[in-house]
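Residue 355 in the numbering used here sits at position 246 of the sequence shown, and the numbers go up by one each step. In what follows, a structure is listed as structure tokens, so that the remarks can point back to it.
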Amino acid sequence: MKKVYAAATVLILGFAFLAMAAEPVPRPAGTADQQFQKLAQRYHQVLSQRPRKGTALDLLYRHYLDAGKLDELVAHYERRVREEPKDAGAQIILGLICERRGRFQQALEAFGRAAKLAPDDYYPDYAAAQLLVRLHQDEQAIAAFQRALGKKPERNDLIQTLKTLGRVHLHQGDRDSALEAWERLADTFPEDAIALQELAELLAQEELFDEAIRRYQQLARLAKGDLYRQLLAHIEIGEIQVRQGKLQTAIQTFGRCLDQVKPNSWLAADIRRRIEAIFVRADDRVGLVAYYRKRLKAHPDDLESMVRLAAALAQLGQTDAALEQYRSAIKVAPSRADLREKLIDELTRQKDYPAAIDEAQRLVKREPNNVDYLERLGRLYLDSGQPDPDTAADQALQVWKRIAEVRPEDPLAAVRVAELCREAAGIGSRSTGNATSNLYQSQSQTPLGEAALKYYAEAVSRAPDLPQYREYYGEYLFTIGRDDEAVAAWRQIAEAPRDTVENLKRVAQILSNVDRLPEAVQTAQQAIQKDPDRYDLHKLAADLLTQQEQYDAALKQVAEMERLADAPFLLEQTLQQRVAIYRAADRVAEEMAKLDQALRSGTASVRDAWLAAMLASAERRPAEALAHINQALKKKPDDALLLQFKAEIHQQGGDLAGAAEQYRRLAQIDPKQRTRHLTQVVNLELELGRLEAAVKTAEQIVRLTPGNAETAQLLANVYFRSGQDSNGLDVLRAALQANPRDREMRLLLARRLTERRQIDEAIEHLWRAFELSEARDDKLAVVAELAQQYGIAGRTEELIARLEQLRRSQENPVGTTLYLVEAYTQSEDYVSARRELNALLARRPADAQVLGQLVSLSERLGDTEAALRYQQKLVALSRTPQMLDRLARLYEKAGDPDRAQAIWLEMVHKTKDETAVLLAVDRAMINAQYGQVFAMAEPRWAERPDDWRFGCRLTMAYWYAKRRETACRVARAILALPPSSKYQKDAAAKRQTRAVSVLQSYSPILMRVVWPMQLRASLASSRPLRFGRSGWQPRSLLDAQLLAAMILYESARLENKDQQYVEELRRRASSDLQALRQLVWIHLSERKLEGLEPLLEQWVAQSPEDPEPRLVRFMVPFVSAGGPAGLGDKVQHLATMKTTYEWLVAHRPALARAVSVPYVHALASAGRKDEAAS
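Below, the structure is given as structure tokens:
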């Protein structure tokens, strides 16, 4: 009968789900409400047939929760019990709902009424008892459980009743009654393994260890012929014995288990892990060694025990004994390569390279074609450095050559040899200019460097038709400074018969990447000759020619792009590229004049008007751009791209209403993108403050996209912005009803409810989001939000209790323990959080996530020693740069800078990537970790004293670390660097200047005047300047020399020698440009702007083509006046700016464009609007 009922329940619920899923969303309000009520009625009907906790109740509750109608649900059953006072089922359901809503007293009253109405039904008393336990009303709970037991509960509820009853008795100190309840459970289900398992786990949780062991023994007997289940029971007995502190007994129990499994099985490995954990927790490595020695006497052929003993001996530092054990294991199983690899690992750790090489040779002899073994043998030769480094390198090379010989036709094998030789020679990747190529030239002439070249070439010969191997070959040649040979190698990629269009295009791209623009252009043109109708080829050629400043040739390619633009978006892209070229060539005015003439004569095409609008927009003349785009629209009034551009012009000119109108028009004529256009309308209406119009448009979007979560969220946000909070919540709830498993929408609703202080409902949604989350990190994020909500409500204990209850129901408590830790952490109960993690670590001593959290918690508690201990364990598990960096910082924090420095030095020596090192140094600068800066930058500066990039970071770090004499020494070295320094400007900065916009380029020019002031102020106050992208970051040698000059001047000032220092600079300035620059910077830093002009005149005289003094001259009035508005009545300043601007237009047009914005503003502020417009 129960099976029939269960099947019927599933069918009813299934139909309910199908009905809900089939319903279209959104619906008219009346229809939506009818559908809600119809589905609710089905849930009510199912639940009424069996008024219990379970799926039916959950579905009903979530249905009302998602609709925001929980109060209506309670009211429904309150009304029903009034109308049907003898309906015990309605009373039970009311009680269960009130319990979930936190209305505990009302729930108890409902359960009480149900018990009177149905005196033979155990469930009302059972439900009341469970709630009373939650409320810590133990006496009443015991009485209710006893009443329920007298009414023959169902099996699962009977088990739960007896388990919980025993626990309540125990909490009251009545151990005998607790045992009596649990004994009754065992007697009632003597052969029910699941019930006994639950009882045993419960007894262990309550620390009734002897009783728990008795039940596990009962389970083992019950398993009889099932060895696996017997073993699991005995393993649990061993774990309980560990908790009892009976460690030797536990070891014996685990040992007996180990004897019954295959030595190399996963279960054997698990048992060994448990045994070793006992010794590790007790910090008894000696005991672990003794255990394995004893075990090997009883089981002399236990190979795994030999290996574990060897590892334990190595950890104790008994290296000879460890090696002996590894060798003994190899004798037992000489064919096990992994054993010999472990031996090699240990020999390598002990730096016994001859022995390690001997063992590696044995591996190679056994498997001569195993390339991994060959690679390792070569590395061992190299690391040994014996009998001398050159001989060791040659031995490594001879071994690695065999990798290519093993696979004589495989180009990847040859590349592998090349890469090994390259790495061993210390040849990385060429970064910028000729600096690194000069560095790598000498390494390339070593035998390893020459071998790398040979095997890159060998890879090419093995696969002559595959372009990637020629690319690798050319890249290596380029890295070692053989640029012409590299170009020749790359050109061979596209030599006949391989001269396909794709190969030619790839060669052009490669040549462009290494700044060989003429060759890149030539190759791109070859590709075009083969296929003149390829749009992408003409675009590539146009880009390359623009970089070469061959603007006329680039425009010819753009004309071809226009010919081939077979889609409107391609024409738009092409016109944009044309505008960019006109601006780069400083030909905007000339081209505008041509277009104006055509537009006035009426001969202009839509394309001409569109181009004119683009040019005017680029020059920030929105009114003119609007006039031109309107001319284009007269001929093509429904062109979506033209209308889109018109909307953008309106926005550029600040006419948001006009932009909104255009987007509305677009929504009408471009139905495929209607939602996107209307979304723009909504955003613009919100900016304009026209909330009613924004709401109407957002509602229209939702009607157009039923069931779309993003548009529902948009409408909700608009409602919230307009103060219609209830409507916003209703929209989110409707979206959830359409897709109840949308976790992100549920989280959003919870956050919105929290903002409106509807904490209880927010908590309900967060728990549902927790259930829907699959990944552990997602669940942890929800727990963090739950902790905040429970904290606001003052109910943190309730959250902890619920998570503990969840943990008790889980077979694997790891995840739930981490959730508890998160809850404790968010509640700032770090002591409890660490206690939980330590308990978890005892079970999982190698869990990186647990160790990481313990490090963080220990730091929060100020326990650096503990944090350091845990971090050391993490590094032993994973020696990544991030782990090492954190360990070093903890050593520094613990007052052990020497160890910290050693770790940072190790990290630097292991990487060949200078960019990565610079980024690491910058991160240390940002965090004021100067010890780390010294460790990473000093070796590089010592190796290459002309590399200002490391020098300037060092001098700043030395200054802030109070090592001022050293800072000055480095500063003087930076100032002595010639302008032709290899590292004058890095490629990143160079690339940035190519693609920089007008506004972006203006800021660095302004900072030329401002930074001396800010640097001096920072150095004088010893308050570190904000460093990094958002602050000061050196991008060129000039930046580094500015910093050096400020450090030397500030040092002189602190010694009261600043006047002498300045006089010395003045004496040298007539013939020394560097001294003259320093004088200018010092004047700027002291804000002595009036005395700058003679110095700038002298700078211009010494270096007539240098724009730097002219830029300073241009910006100084701008800064001294506090911005363009302050220049209105200062005619002399405007005259200076005008003279400088005219020189820049004639000699440096790109820089002229960069300063045009402040200049136009200054002219406009002075009332010279005609000049500004021109």
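Glycine included, C-beta positions come from ideal geometry on N, C-alpha and C.
**Message:** So for SER1145, helix, strand or coil by DSSP?
**Reply:** strand
**Request:** Taking only the alpha-carbon atoms, compute the straight-line gap between LEU271 and LEU311 and give it to the nearest angstrom.
**Result:** 11 Å
**Prompt:** What's the gap between the Cα of ASP283 and the Cα of ASP301?
**Reply:** 27 Å
**Asked** Counting only runs that start and end within the segment 214 to 302, where is the alpha helix (DSSP H) found for 4 or more residues in a row?
**Response** Unbroken alpha helix (DSSP H) runs of no fewer than 4 residues, entirely contained in the segment 214 to 302, are found at 232 to 243, 247 to 258, 264 to 280 and 284 to 297, following chain order.
**Message:** My output table needs one value for PRO137: the three-state DSSP class, helix, strand or coil.
**Reply:** Its pLDDT being 47, under 50, PRO137 is placed unreliably in this model, and the value from its coordinates should be taken loosely. Three-state DSSP puts PRO137 in coil, outside helix and strand.
**Asked** Does the Cβ of ILE303 have 16 or more other Cβ atoms within 10 Å, making it buried, or fewer, making it exposed?
**Response** exposed
**Message:** So the candidates are ARG1175, ILE690, GLN146 and ARG222; which of them puts its Cα closest to the Cα of ALA1208?
**Reply:** For clarity, residue 1208 is Trp in the given sequence; the question names Ala instead. It is ARG1175.
**Message:** On the CB-based measure, 16 or more other CB atoms within 10 Å of its CB, does TYR337 come out buried or exposed?
**Reply:** TYR337 is exposed by the Cβ-count criterion.
**Message:** For SER936 and THR905, I'd like the C-alpha separation in whole angstroms.
**Reply:** So the two alpha carbons sit approximately 8 Å from each other.
**Message:** Can you check which of these residues, MET1155, ASP938 and ARG330, is closest to ILE909 by C-alpha distance?
**Reply:** ASP938
**Asked** Can we say the segment 151 to 171 touches the segment 195 to 211, given the rule of at least three CB pairs closer than 8 Å?
**Response** yes
**Request:** Could you tell me whether the segment 407 to 415 touches the segment 427 to 438, using the rule of 3 or more Cβ pairs below 8 Å?
**Result:** yes
**Message:** Tell me the rounded alpha-carbon separation between ILE901 and ILE868.
**Reply:** Rounded to the nearest whole angstrom, the CA to CA distance from ILE901 to ILE868 is 8 Å.
**Message:** Can you look up GLU913 in the DSSP assignment and give me helix, strand or coil?
**Reply:** GLU913: helix per DSSP, three-state reduction.
**Asked** Assuming LEU977 and LEU949 make a contact with CB atoms under 8 Å, what is their CB distance in whole Å?
**Response** 20 Å between Cβ atoms; not a contact.
**Prompt:** Excluding the five sequence neighbours on either side, which residues of its own chain have a C-beta within less than 7 Å of the C-beta of LEU1185, listed in chain order?
**Reply:** ALA1178, LEU1204, GLN1207, TRP1208 and GLN1211
**Prompt:** So, using beta-carbon positions, are ILE349 and PHE388 closer together than 7 Å?
**Reply:** no
**Item:** Simplified DSSP assignment, three categories, for HIS874
**Value:** helix
**Item:** Three-state secondary structure assigned by DSSP to PRO1218
**Value:** helix
**Asked** Just checking my contact of TYR979 with LEU960 at CB under 8 Å: how many whole Å lie between their CB atoms?
**Response** 5 Å
**Prompt:** Would you call HIS278 buried or exposed, if buried means 16 or more other Cβ atoms sit within 10 Å of its Cβ?
**Reply:** buried
**Cβ pair count under 8 Å reaching 3, the segment 440 to 454 against the segment 465 to 479** = yes
**Length of the line joining the Cα atoms of LEU915 and THR925** = 7 Å
**Item:** Presumed contact (8 Å Cβ cut-off) between ALA725 and GLU733, rounded CB distance
**Value:** 4 Å
**Uninterrupted alpha helix (DSSP H) stretches inside the segment 389 to 472 (no shorter than 4 residues)** = 394 to 407, 412 to 425, 428 to 441 and 446 to 458
**Asked** Mapping DSSP to helix, strand and coil, what is ILE536?
**Response** coil
**Prompt:** So what's GLN809 in DSSP terms, helix, strand or just coil?
**Reply:** helix
**Item:** Range covered by the alpha helix (DSSP H) that runs through ILE619
**Value:** 610 to 622
**Asked** Secondary structure at GLN1123, three-state DSSP: helix, strand or coil?
**Response** helix
**Asked** Between ALA768 and LEU793, is the Cβ-Cβ spacing less than 7 Å?
**Response** Yes, the pair counts as a contact, with Cβ atoms nearer than the cut-off.
**Assigned exposure category for GLY163 - 16 Cβ within 10 Å defines buried** = The residue in question, GLY163, is exposed, as its Cβ has fewer than 16 Cβ neighbours within 10 Å.
**Message:** If I measure Cβ to Cβ from GLU870 and keep anything under 6 Å in the same chain, skipping five residues before and after, which residues do I get?
**Reply:** LEU862
**Prompt:** Would ARG643 count as contacting chain C if we go by Cβ distances under 7 Å?
**Reply:** Structure shown: chain C not included; a single protein chain is present.
**Item:** Three CB pairs or more closer than 8 Å across the segment 288 to 295 and the segment 883 to 895
**Value:** Between the segment 288 to 295 and the segment 883 to 895 there are fewer than three C-beta pairs closer than 8 Å, too few to call the two in contact.
**Prompt:** Under 7 Å between the Cβ atoms of ARG855 and HIS874?
**Reply:** A contact, by the Cβ cut-off of 7 Å.
**Asked** Is VAL1209 helix, strand or coil when you go by DSSP?
**Response** helix
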